[in-house]
Structures are given as structure tokens and as C-alpha cells.
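A short worksheet on the structure shown next.
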Amino acid sequence: MIRGVVRLKYLFDFALAISLTAFSYYIASFILENELLLWQAFVIGFSVVSLGALTEKLGSPMWLIIFIPFPIGMILLYLFLNVSVPQWFLNYMLTLTIYTVIHIPMSYFFHYHSLIPAWKLS
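Numbering (the UniProt record's numbering), first residue to last: 1 to 122.
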């Protein structure tokens with residue numbers, strides 16, 4: 001029974017991480033009026049969080065766990081927005097700012113190093 005509870009908690013944490021990451025991308029594009037669609041934000045959130053969790057699960061070093069999701073999020077955002085590079089970069093920087101603001105209370109309440117569910121505070 002405990003194993004099932006642990007899996008359910010991980011799935012909840014995983015869904016929460018995807019949602020909050022997607023929310024960061026969506027709100028940034030909304031503020032800048034770049035019209036990123038909600039489903040596109042969720043594709044980016046799912047890709048970024050899944051890749052981070054997979055990298056962590058493979059036992060990769062911390063620097064790689066942090067680094068790997070960035071290019072995926074950047075590339076997908078660029079492809080979905082279809083805007084100039086400066087506008088895309090501004091959107092990405094605002095996304096990171098919003099992500100950081102969300103990350104602070106999430107780290108406190110859920111004990112994450114980041115919004116990667118398996119990566120708990122030590």
C-alpha cells in the first residue's frame with residue numbers, strides 16, 4: 001500500500017511541476033502578447049519537466065539535470081511563438097523570472113530543489 005501512495009504522490013508532483021512550468025510559459029507570453037496557446041505551453045512544460053526528471057532518474061550530475069531542460073524549452077518556445085529572436089529572448093527571460101517566483105514557494109511547501117518532482121531538498 002505504501003508503494004502505491006508513493007507513486008500517487010510522485011504523479012501528483014509530476015503533474016504539478018508540468019502545470020506550473022506551463023503556467024510560467026503561458027503567463028509570460030500573455031504579458032508580452034505573443035499568443036502562445038495553452039496546449040503549446042503544456043507541451044513545453046511536459047517536455048521540460050519530463051526531460052529533467054528522466055535526466056535525474058538516470059543518475060546524472062546536478063549540473064546536467066539543471067542544464068538539459070533549458071535548450072528544449074528554448075527551442076520549443078521559439079518554434080511555437082514564431083517571433084523575432086529579440087522578442088523570443090524577452091519572452092524566455094520573462095518566463096524564467098516567473099518560473100523563479102513560482103519556484104520559491106514551491107520549494108518551501110513541496111521541498112523541491114526545482115520543479116523536478118524527484119529532486120527533493122536535502
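Glycine included, C-beta positions come from ideal geometry on N, C-alpha and C.
If you check the beta carbons only, do N34 and N91 fall under 7 Å apart? In contact: N34 and N91 (Cβ atoms closer than 7 Å).
Indicate the three-state DSSP secondary structure (helix, strand or coil) for N91 in the structure shown. DSSP places N91 in helix when its eight states are reduced to three.
Report the three-state DSSP secondary structure of E56 (helix, strand or coil). Of the three classes helix, strand and coil, the one that applies to E56 here is helix, per DSSP.
V5, buried or exposed, once every other Cβ within 10 Å from all chains shown has been counted against 16: It is exposed - the Cβ of V5 has fewer than 16 other Cβ atoms within 10 Å.
State the start and end residues of the unbroken alpha helix (DSSP H) segment that holds V77. First, the residue type needs correcting, since residue 77 is Leu and not Val in the sequence shown. Taken as a continuous stretch (DSSP letters only), the alpha helix (DSSP H) holding L77 covers 69 to 81.
Taking Cβ to Cβ, would you say A17 is nearer than 7 Å to V49? In this structure, V49 lies closer than 7 Å to A17 by Cβ.
Whether L36 touches F80 by CB criterion (7 Å): Taking 7 Å as the Cβ cut-off, L36 and F80 qualify as a contacting pair.
Spatial neighbours of I27 within its chain, please: C-beta separation below 6 Å, excluding the five flanking residues on both sides. Excluding sequence neighbours, I27 sits near I98.
Which value, in whole angstroms, describes the spacing of the CA atoms of L64 and Q87? When rounded, the distance between both Cα atoms is 27 Å.
Return helix, strand or coil for S24, following the three-state DSSP convention. Note: S24 maps to helix in three-state DSSP.
Skipping 5 residues on each side, what residues in its chain have a beta carbon closer than 7 Å to that of I72? If you ignore the 5 residues before and after I72, its C-beta comes within less than 7 Å of the C-beta of S47, V48, L51, all in its own chain and listed in chain order.
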